[in-house]
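**Q** Chains as they are written, first to last, in this note's numbering: chain B, 1 to 339; chain P, 1001 to 1339; chain H, 2001 to 2339; chain Y, 3001 to 3339. Just so it is clear, CB atoms sit at the ideal spot from N, CA and C, and this is done for glycine as well.
There are 4 protein chains.
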Amino acid sequence: MIIVLKPGISKKQEAAVIKEIRSLGYRPHIMRGVARTVIGAIGDELTHQSLETLITAFPRIVECVMPVQRRYKLVSREAHPSNSTIRVREHVIGGKKIHLMAGPCSVESEKQLMKSAEAVKAAGATILRGGAFKPRTSPYEFQGLGEKGLKLLARARRETGLAVITELLSETHADLVAEYTDIIQIGARNSQNFQLLIAAAKTGKPILLKRGLSMKIEEWLLAGEYVLANENPNLLFCERGIRTFETYTRNTLDLSAIPVIKKESHCPIVIDPSQGAGRADLVEALCKGAVAMGADALLIEVHPNPAEAWSDGVQQVSLDLFTRLAQELRAFILAAGRE
Amino acid sequence: MIIVLKPGISKKQEAAVIKEIRSLGYRPHIMRGVARTVIGAIGDELTHQSLETLITAFPRIVECVMPVQRRYKLVSREAHPSNSTIRVREHVIGGKKIHLMAGPCSVESEKQLMKSAEAVKAAGATILRGGAFKPRTSPYEFQGLGEKGLKLLARARRETGLAVITELLSETHADLVAEYTDIIQIGARNSQNFQLLIAAAKTGKPILLKRGLSMKIEEWLLAGEYVLANENPNLLFCERGIRTFETYTRNTLDLSAIPVIKKESHCPIVIDPSQGAGRADLVEALCKGAVAMGADALLIEVHPNPAEAWSDGVQQVSLDLFTRLAQELRAFILAAGRE
Amino acid sequence: MIIVLKPGISKKQEAAVIKEIRSLGYRPHIMRGVARTVIGAIGDELTHQSLETLITAFPRIVECVMPVQRRYKLVSREAHPSNSTIRVREHVIGGKKIHLMAGPCSVESEKQLMKSAEAVKAAGATILRGGAFKPRTSPYEFQGLGEKGLKLLARARRETGLAVITELLSETHADLVAEYTDIIQIGARNSQNFQLLIAAAKTGKPILLKRGLSMKIEEWLLAGEYVLANENPNLLFCERGIRTFETYTRNTLDLSAIPVIKKESHCPIVIDPSQGAGRADLVEALCKGAVAMGADALLIEVHPNPAEAWSDGVQQVSLDLFTRLAQELRAFILAAGRE
Amino acid sequence: MIIVLKPGISKKQEAAVIKEIRSLGYRPHIMRGVARTVIGAIGDELTHQSLETLITAFPRIVECVMPVQRRYKLVSREAHPSNSTIRVREHVIGGKKIHLMAGPCSVESEKQLMKSAEAVKAAGATILRGGAFKPRTSPYEFQGLGEKGLKLLARARRETGLAVITELLSETHADLVAEYTDIIQIGARNSQNFQLLIAAAKTGKPILLKRGLSMKIEEWLLAGEYVLANENPNLLFCERGIRTFETYTRNTLDLSAIPVIKKESHCPIVIDPSQGAGRADLVEALCKGAVAMGADALLIEVHPNPAEAWSDGVQQVSLDLFTRLAQELRAFILAAGRE
């Protein structure tokens, strides 16, 4: 930790701060600068208490306290310099192949799901997405088919060979959902619901962790740390747009998260352009950008009839559009040196 | 719903949209304007599916779709024109008296808690806050004393007569926490963890719902709707700062939420200046502003020794400071016509 | 400056960084910590080049660079520990008296302005606001009466004795505007138009500097520094709402800016609740909060007939409402120990 | 305009609103819905006053007012369905060829500029960027070489054949800057400095308009409208990152602006990844994404020696890195069907 003192501090005041630094287990190292004195507090920031409390304890002496270490370990590139790969049935995510995960926002019926599954498979997708438990902003909106939806997903998997990803909403459903799915999705609204993250991690299934609407990169990495610290190494980060002042798009997809996650972490990065923009008409361009920038997979909402979708119809693309999109992506996948 | 068509749409295209509007259960009403045609779709938006899907279904015809109704009902002023009051032991929140809820961020020890409880009671607080289960950004930070913390809170209540508020983090702890506390707090990170909200509501205890870091007012009201829709009328909204670009303060406390909640809802509004600023040195001014603007209660973090707090020491005020603050607030409480 | 090196850096790599630090005029001071090495670079950060370039120059060696000094001087509390006061005709802003600055968004006509001026004077305002040059988001909106508007303001001053504040939009109008006004307003959109700030400062008139829509406190203080550095000591900061994700209000008024500016700077702080909320119905509550938190003045938009205002009618309060507001503020002004 | 009334409004109250709508020049059209009454006000929103003032004038009757028309005309796709192209010396921007605009943040010396110019030309750039007048957050930072910088740019153009882009900061310099440059850049901080935009437009030179840090797409289009409305059809939009809560990057580059601008406008779109991320290590990935998503040009900061750059060294890439970047982009340019 670095502790910056205010200008014009007496030796006696300085000594009081130094004493407290020592009592909290750090070794102080004093640097007298031109404008003010800076104290380096030497000690492991992950095992000692933060010194940021010195600001409150000595409001007239301490100007600011700056941590030096990163707070995450297991998800960091430092801990695991090569890329992690996640095995999902016969597929490997995080390797050379870019995966398409596609399907409806909500599982609505057998017909809707099977039609979607067959179309996305034909277009080249390897993983079927579909919500059985849906987090809805209003209690009056469709909350998902629940276990019935999970069974339909399992059936689609059986018939098409696609792997399945679906969202977990409740700690009490962790085992149930794990029984049916190949990847557990933790949604943006639950990205710092640590109890849910722990319950999901403990199932041993790969976890796709969406970035929260106002989550800093560091907080996202730390939420991922909860998964790895609970002995589940199979973590995928998924950028799905952050909340900004812009209203033209529902969220602002932060594509710079791709190189940032690649730099800071060894885990694969997935992009969700459907939530990211909240508008079907931007999905194609965002997919191209994501592929060019190094995404390992894309998570795309498709629906046989978007006009009659029971949730988020405005951001789901039609099956035809998805097929065309998958074709148009090929040139960019090759340009990126991927498959 | 209002559906705005693009300019230069043919009668045939228009008819296709109108047909779909009818098939989704609305009655269309056409207005031909100077620049474009607008369709009013008449029908209850809360019981029918949203027409926003028309944008995706007819991307070349429909320009935008605008809902007309509010999506929340039970929390709204329309549903309950007078202010709701919440009874907590012998206290009434939402009435003439402004309540001080104060105590440490985390319950750390019997000594720390009892010392805090006695001091805040002496200064005029009626409710003791203290975290037993703590949501921490990093898995390596102190996660709270758990049930032991709840027992210490119960003991402090017994000895001081203060009512108690503490946070619920996990659905599986709802009954346990309800057994010990008078008010259940739902934290900002769980503000759209609807399963937790439902579990909390079902205990029947008053629920204090913090605003999420990037939650719009409408989303906050809808999250509150989950509580009332689960037959628990005892809801308090708590503004605790939103996430913005500013870094001087940890969050930006949105004090305009006070008149806005008072206008839109009948539920009491509580202000948390400690989380709101993330700096102890701003707490006093923010409390004064909150009281002047009509807050029903303040939720303040205090600690006998902020320098050695196990969590969030930088935003906790000392017991002395709290005592002085409570005194300084009196003039503003009177100016606001409160007690 | 503090330079944090990555873990596992060789002596040779370290030496390269140290050499560059020296060549940029700083004296390096090395601290070897538990996890990584930190270099304190001793030297005046305001007169030397920033070392942040080391991140780009040594991307594999340097992890981050943290400045230690504040970048502003003349506006800081350190430079001038007591509060500055600004004399405007016979008034003093920044002293014990809280001033009301009120008037229409745009000057529209003699009748509209005179009616407003008389009403706000009767209600206790000391300063008349009114836009003669208007910055409008669209080129098709009313751009202000220009010099004719300035003349009307001067006439209102002559007839009522109110001082006048109006906005300067163009460097080329600085002398013209200074001839007619008592305070020059720099609007939010021009808050980092440094050429305009310099031109305004050089007129010698007091400058009211609005905070930009996405301006950090530090950037605002530095923009103010342009005024003082151009030998004009008469600076007022004006908070008028920042841009956030919330759409219920047009902006989010950051009232915590009041204690923050008071802490960091000696200049007076003014609050504009009209722009701040963008809704007339929140103005009253925001004024009360601002007064309680220590604002030195309020800048309020009023209009004799808001429905027919030529600009921003949605945020202007009627003359009756303003009169009532001024009365209701009295109790809070007294509670704050002001006049 | 659509005017939504509150529930339970009497005929008399309704009549008052309708009368005001008529007096403001619109023709009212009433729709009685299930929950509330909606009035369509028919009339050209661009030539009549906004009806949003009805909210303030009838606060107990009118719930909200929603505009129906777009506020921009000349920049819109509707006005000019095919893409606009901008001729800059022998180059065409907005056509099949993707242009690289590259050079130092600030012009510092003849040697620095010439070295940069030769290197970027050799790597394939067609346009040289370099700041002669620099807007700096602090008055104590390097403000640019001024006219001397412009002369160096002109010399670099003469010797290399590159076209030149440089920023205009002051209305009073519009003719001077136009004399030396091929494209005038309006920076993010001046994006709503309409006087500067008008002065720049009147020189007849192509204008590159950066998006402001907190500018909505609509506001950006309207700022561009100021250029076209002043009879200069040569407008380029440039996305350079918006301000969000994320601090890992200095700004959040909103790449979705590319398809959005292409959809809403006919003007070319340029991406500035250097400002966009504020970190040299992300520039390469962002360039790839921008090309894949349809950008017409890239604006990249390069410096012969980033460690000793006089401004923004942290985001400037070295000449070697730029050369490699230009090569790596080729595959993506071809995949996008561009040159």
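1. Flag residue 289 of chain B as yes if its beta-carbon sits less than 8 Å from any beta-carbon of chain Y, otherwise no.
2. Would you kindly work out how many angstroms separate the C-alpha atoms of residue 19 of chain B and residue 39 of chain B, rounded to a whole number?
3. My understanding is that residue 134 of chain B touches residue 170 of chain B, with C-beta atoms under 8 Å, so please give their C-beta distance in whole angstroms.
4. Is it buried or exposed for residue 288 of chain B, if we count other Cβ within 10 angstroms and need 16 for buried?
5. Among the candidates P:1196, P:1035, P:1141, P:1176, whose CA atom is the shortest distance from the CA of residue 1151 of chain P?
6. Going along chain Y, which residues have a C-beta under 8 Å from residue 246 of chain B?
7. Answer yes or no: does any C-beta atom of chain Y fall closer than 8 Å to that of residue 260 of chain B?
8. Enumerate, from N- to C-terminal direction, the unbroken alpha helix (DSSP H) stretches of 4 or more residues contained entirely within the stretch 219-290 of chain B.
9. If contacts are defined as beta-carbon pairs under 8 Å, then residue 1223 of chain P and residue 1191 of chain P qualify, I think. What distance do you get, rounded to the angstrom?
10. Please classify residue 320 of chain B: is it buried, with 16 or more other beta-carbons within 10 angstroms of its beta-carbon, or exposed?
11. From the DSSP output, which residues share a beta bridge with residue 1027 of chain P?
12. Between the alpha carbons of residue 281 of chain B and residue 3127 of chain Y, how many angstroms are there, rounded?
13. When we look at the beta-carbon of residue 1121 of chain P and count the other beta-carbons within 10 Å, is it buried (16 or more) or exposed?
14. Where does residue 167 of chain B sit, in a helix, a strand or coil, going by DSSP?
15. Which of the three DSSP states, helix, strand or coil, is assigned to residue 1982 of chain H?
16. Return helix, strand or coil for residue 87 of chain B, following the three-state DSSP convention.
17. Under DSSP, the alpha helix (DSSP H) around residue 129 of chain B begins and ends at which residues?
18. Looking at C-alpha atoms only, which residue of P:1033, P:1232, P:1139, P:1254 is the closest neighbour of residue 995 of chain P?
19. Where does residue 3160 of chain Y fall in DSSP's three states?
20. Name the DSSP bridge partner or partners of residue 3185 of chain Y?
21. Measure from the C-beta of residue 331 of chain B to each C-beta in chain Y and report whether the shortest distance is under 8 Å.
22. Would you report the Cα separation of residue 1291 of chain P and residue 1304 of chain P, rounded to the nearest angstrom?
23. Quick test of the definition: if touching needs 3 or more C-beta pairs under 8 Å, does the stretch 2069-2085 of chain H touch the stretch 2264-2271 of chain H?
24. Mind checking the stretch 2060-2083 of chain H against chain B and listing, in chain order, the residues whose C-beta falls within less than 9 Å of any C-beta there?
25. Would you check if there are 3 or more beta carbon pairs closer than 8 Å linking the stretch 1080-1095 of chain P to the stretch 1231-1246 of chain P?
26. Pull out every residue of the stretch 3025-3036 of chain Y whose Cβ sits closer than 7 Å to any Cβ of chain P, in chain order.
27. Would you say residue 2171 of chain H faces chain Y, with C-beta separation under 8 Å as the test?
28. At least one CB of chain H closer than 8 Å to the CB of residue 130 of chain B: is that the case?
29. Against chain H, with Cβ distances strictly below 8 Å, would residue 3313 of chain Y count as a contact?
30. Spell out whether any CB of chain H is found under 8 Å from the CB atom of residue 1282 of chain P.
31. Restricting to Cα atoms, I'd like to know which of H:2251, H:2146, H:2243, H:2084 is closest to residue 2109 of chain H.
32. I'd like to know if residue 1194 of chain P contacts chain B, where contact means its C-beta is closer than 8 Å to some C-beta of that chain.
33. Based on Cα-Cα distance, which residue from B:34, B:2, B:36 lies nearest to residue 360 of chain B?
34. Determine, using beta carbons only, whether residue 2038 of chain H comes closer than 8 Å to chain B.
35. Got a sec: is the Cβ-Cβ distance from residue 212 of chain B to anything in chain Y below 8 Å?
36. When you compare the CB positions of residue 153 of chain B and residue 132 of chain B, do they come within less than 8 Å of one another, or not?
**A** Reading it off the structure:
1. yes
2. 12 Å
3. Not a contact, Cβ separation roughly 12 Å.
4. buried
5. P:1176
6. 3216, 3217, 3242, 3254
7. yes
8. 257-264, 273-277
9. 6 Å
10. exposed
11. P:1042
12. 32 Å
13. buried
14. strand
15. No information on residue 1982 of chain H is available, as it lies outside the stretch 2001 to 2339 that chain H covers here.
16. strand
17. Per DSSP, residue 129 of chain B belongs to no alpha helix (DSSP H); it is in the beta strand (DSSP E), 127-129.
18. For residue 995 of chain P there is no data in the structure shown, the boundaries of chain P being 1001 and 1339.
19. helix
20. Y:3167, Y:3208
21. yes
22. 25 Å
23. yes
24. 2063, 2064, 2066, 2068, 2069, 2070, 2078
25. yes
26. 3029, 3031, 3033, 3034, 3035, 3036
27. yes
28. no
29. yes
30. yes
31. H:2146
32. yes
33. This structure leaves residue 360 of chain B out entirely; chain B is present only between 1 and 339.
34. yes
35. no
36. yes
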